[in-house]
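Just below is one structure, and these are the notes that go with it.
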Amino acid sequence: PPTFVNTCSHWWDASQVYGQAADYQKFVRTGKDGKLRLDPDGSLPLPPGKTDGNPTEEPGFWIGLAMLQTVFTHEHNSVCDMLRANYPSWDDEQLFQRGRLIIAALIAKIHTVEWTPAVISHPTTVTALRANWFGLAGEKTRRAFGRISSSELISGIPGAKTEQYGVPYALTEEFTAVYRMHPLVPDDWSIRGLADDRTLGDYTLRDFSGPGGMSVLGKVPMQDLLYSFGTIHPGLVSLHNFPRFLQEFVRPDGKLMDLAATDIMRHREMGIPRYCEFRRQLHLDAPRTFEDLTEDPATAQTISQLYDGDIERVDLMVGLFAEKKPAGFAFSDTAFRIFILMASRRLNSDRFFTEDFTPSVYTRQGLDWIADNTMATILLRHWPELRTSMRGVDNAFVPWTRTGH
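Going by this note's numbering, the first residue of the sequence shown is number 492, and it counts up by one from there.
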């Protein structure tokens, strides 16, 4: 089957929280006060069997997505409480839809000013990414005075003019190609208790994936999972580090696939240029030899053998993983060039982040909620026991302090 078939978005739109199908959205809503369903223990209810839209039945579902879905379901309900207190005449539908807008924008902000700077932690890129949201005038100016200029450079993209740059918005194939970061995910996991850092269990990525991930979620308290994930470093996006499990991935439909090979085949099927040509089209220098591509002589020799000595044949993903990374970058400079363009474009093209990022759409209190909150404040609102481990951490995506360390 074609390698580009996909039915589920993992982008910023909170699809896992609100559902991509009407039946699933009906299932997750309580029908009261705009809120989403949670079981008495604070966990997510799941529809039985293969209900249309059931996220656990989608290829690629794993416990990490379930945890984020849980976090933002709790946060949605808190937003609904805030809205109901300020607008007591609103019905369930008004509260739900306004809450969904606020959560989607909050996720976009977190992605822009927290997650991305954590994986591209060079000072220049951190400043640039924060400027996407706050402008070069900075967060303090934005919070005190709002937009002081129509220029997105000065006051940021939210609230600026919607800009499509002459073409309708889409996630480009080039962006999809460079956003292959599976080596970030380790194969082996040690889940530890928040109270004493004691090992609660050792798991593999296979244990965490598909419907099986929900069984782990049912056995391990959320605060311990969050603590364990918060204190584990990610893998390096480089050669020789693709998760073993994803090289022998069994899809929910029972089909076996090698995701590393599939990624490469997908690029070829969709006409993505090979690595050297890709660099040229970005007006970057292309390597002339395999030694130019990688600093490791043994790796250079291996790649040369695989591609019969022709540097022009090196696939994009192989080149991205092989090239030397700039200081503070979790992935290659080539990938960064595409990524930073699309991170801005994603905001520029959406009227809910530009011309409709207003009090009349979000409410004044909703805009304040987006401005006042971060991933850390969200986690601490719902799991305050994490405070000790997160003390001194400005960005929740930077590794936390282990208990007793």
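Backbone N, C-alpha and C fix where the C-beta goes; we use that ideal spot for every residue, glycine too.
Assuming the contact rule is C-beta atoms closer than 8 Å, asparagine 886 and glutamate 605 should be a hit. Round their C-beta distance to whole Å, please.
5 Å
Do histidine 673 and leucine 727 come within 9 Å of each other at the CB atom, strictly closer than that value?
no
Looking only at DSSP bridge pairs, what is arginine 683 linked to?
Thr690
Please work out which residues of its chain come closer than 7 Å, Cβ to Cβ, to leucine 586, disregarding the five sequence neighbours upstream and downstream, and give them in chain order.
Asp524, Gly525, Cys571, Leu574, Arg575
Roughly how many whole angstroms lie between the Cα atoms of leucine 685 and tryptophan 874?
11 Å
Since I believe phenylalanine 848 is in contact with proline 536 (beta carbons under 8 Å), could you give me their beta-carbon distance rounded to a whole number of angstroms?
Rounded, the Cβ-Cβ distance is 32 Å, inconsistent with contact.
Using only the alpha-carbon positions, how far apart do leucine 716 and glycine 819 sit?
27 Å
Quick one: give me the first and last residue of the alpha helix (DSSP H) that histidine 758 is part of.
750 to 760
Quick one: is isoleucine 598 buried, meaning 16 or more other Cβ sit within 10 Å of its Cβ, or exposed?
buried
For proline 734 versus aspartate 678, is the C-beta spacing smaller than 9 Å?
yes
Going by C-alpha to C-alpha distance, which of Ile593, Asn568, Pro550, Glu548 sits closest to serine 851?
Ile593
Given this structure, state the Cα-to-Cα distance separating alanine 813 from phenylalanine 781, to the nearest angstrom.
10 Å
So, is histidine 567 buried or exposed, given that buried needs 16 or more other C-beta atoms within 10 angstroms?
buried
Could you check what DSSP says for arginine 671 in three-state terms: helix, strand or coil?
coil
According to the neighbour-count rule (16 or more other Cβ atoms, all chains shown, within 10 Å of its Cβ), is leucine 662 buried or exposed?
exposed
Whole angstroms are fine: how far does the CA of lysine 652 sit from the CA of aspartate 698?
46 Å
Can you tell which of Asp582, Asn577, Trp553 has the C-alpha that lies nearest to the C-alpha of threonine 521?
When Asp582, Asn577, Trp553 are compared, the shortest CA-CA separation from threonine 521 is found for Asp582.
So, under 8 Å CB-CB, glutamine 507 and glutamine 560 are touching, yes? Tell me the CB distance rounded to an integer number of Å.
5 Å
Are the stretch 664 to 672 and the stretch 824 to 838 in contact at 8 Å, needing three or more beta carbon pairs?
yes
For the alpha helix (DSSP H) containing glycine 745, list its first residue and its last residue.
Neither: glycine 745 is in no alpha helix (DSSP H) and is coded neither H nor E.
Note down, in chain order, each residue of its chain lying with its Cβ closer than 7 Å to the Cβ of tyrosine 798, except the 5 sequence neighbours on either side.
Arg804, Val805
Taking all protein chains shown into account, do 16 or more other C-beta atoms lie within 10 angstroms of the C-beta of histidine 487, making it buried, or fewer, making it exposed?
In the structure displayed, the chain extends from 492 to 896; residue 487 sits before or after that span and is not available.
Between which two residues does the alpha helix (DSSP H) harbouring valine 519 extend?
513 to 519
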